[in-house]
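Before any comments, here is the structure.
Numbering (the UniProt record's numbering), first residue to last: 1 to 218.
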């Protein structure tokens with residue numbers, strides 16, 4: 001909760017400056033997870049606050065302990081998750097409305113908070129995201145892919161087991177055996193966002209590339 005409070009205070013100071021310049025919002029929509037909206041009602045008490053309820057941490061299931069290859073062995077982990085949830089709970093005392101994009105996400109919140117959340121899908125811009133028969137992609141000025149190519153993509157902010165990277169990589173040898181003409185595009189960084197880092201100082205990207213490389217034809 002300390003980091004959420006620090007961020008909340010920083011936004012509080014910035015909001016005071018905005019108010020001094022004459023800014024007065026009618027509605028504030030905020031993601032409460034990192035605390036930025038914690039003190040905005042102190043600046044604009046008349047504003048309606050809507051919170052985006054993305055996730056409520058649980059000590060098991062959901063994003064913790066779901067992969068037997070990477071079990072959670074630290075009993076203090078549940079304590080840290082409880083502290084993270086304090087910020088989520090505090091926002092329900094401030095909010096005038098709460099939304100989640102899916103019923104599954106809303107269902108992760110305990111009662112009575114769950115009953116205060118409206119499930120509203122994020123929506124898709126179908127003008128921007130739609131099939132394009134003429135689309136093409138050129139990589140490094142050497143390889144151009146079109147709709148005639150078989151393309152398999154895996155995209156994540158970072159390539160780590162938490163995001164299923166190891167499962168995807170281990171599936172590639174069999175997948176490419178069945179679809180030998182497929183092109184595989186993997187996009188992601190070498191860091192770690194939510195899961196644990198490898199103990200040997202390497203990165204997960206290289207670890208699983210090296211694991212499957214002998215079983216993938218050049």
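Note that CB positions come from ideal geometry on N, CA and C, so glycine has one too.
- Within the segment 34–63, complete beta strand (DSSP E) segments of at least 3 residues are found at 48–52, given in chain order.
- Beta-carbon to beta-carbon, residue 198 and residue 67 are separated by about 15 Å, too far to satisfy the 8 Å threshold.
- Note that the C-beta distance between residue 186 and residue 144 is not below 9 Å.
- When DSSP states are grouped into helix, strand and coil, residue 12 belongs to the helix group.
- Judged by their CB atoms, residue 53 and residue 32 are nearer to each other than the 9 Å cut-off.
- Taking 9 Å as the cut-off, the beta carbon of residue 173 is found closer than this to the beta carbon of residue 215.
- In summary, residue 8 is buried, with 16 or more beta-carbon neighbours lying within 10 Å of its beta-carbon over all protein chains present.
- At least 9 Å separates the beta-carbon of residue 94 from that of residue 57.
- For residue 98, the enclosing beta strand (DSSP E) begins and ends at 97–100.
- Pairwise C-beta distances place the segment 95–113 out of contact with the segment 8–22, as fewer than three of them are shorter than 8 Å.
- Pairing residue 203 with residue 96, the inter-Cα distance amounts to about 43 Å.
- Closest in alpha carbon position to residue 111, among 140, 89 and 127, is 89.
- Counting along the chain, no alpha helix (DSSP H) covers residue 141, and no H or E run does either.
- 50 is the residue among 45, 50, 44 and 211 whose C-alpha sits nearest the C-alpha of residue 118.
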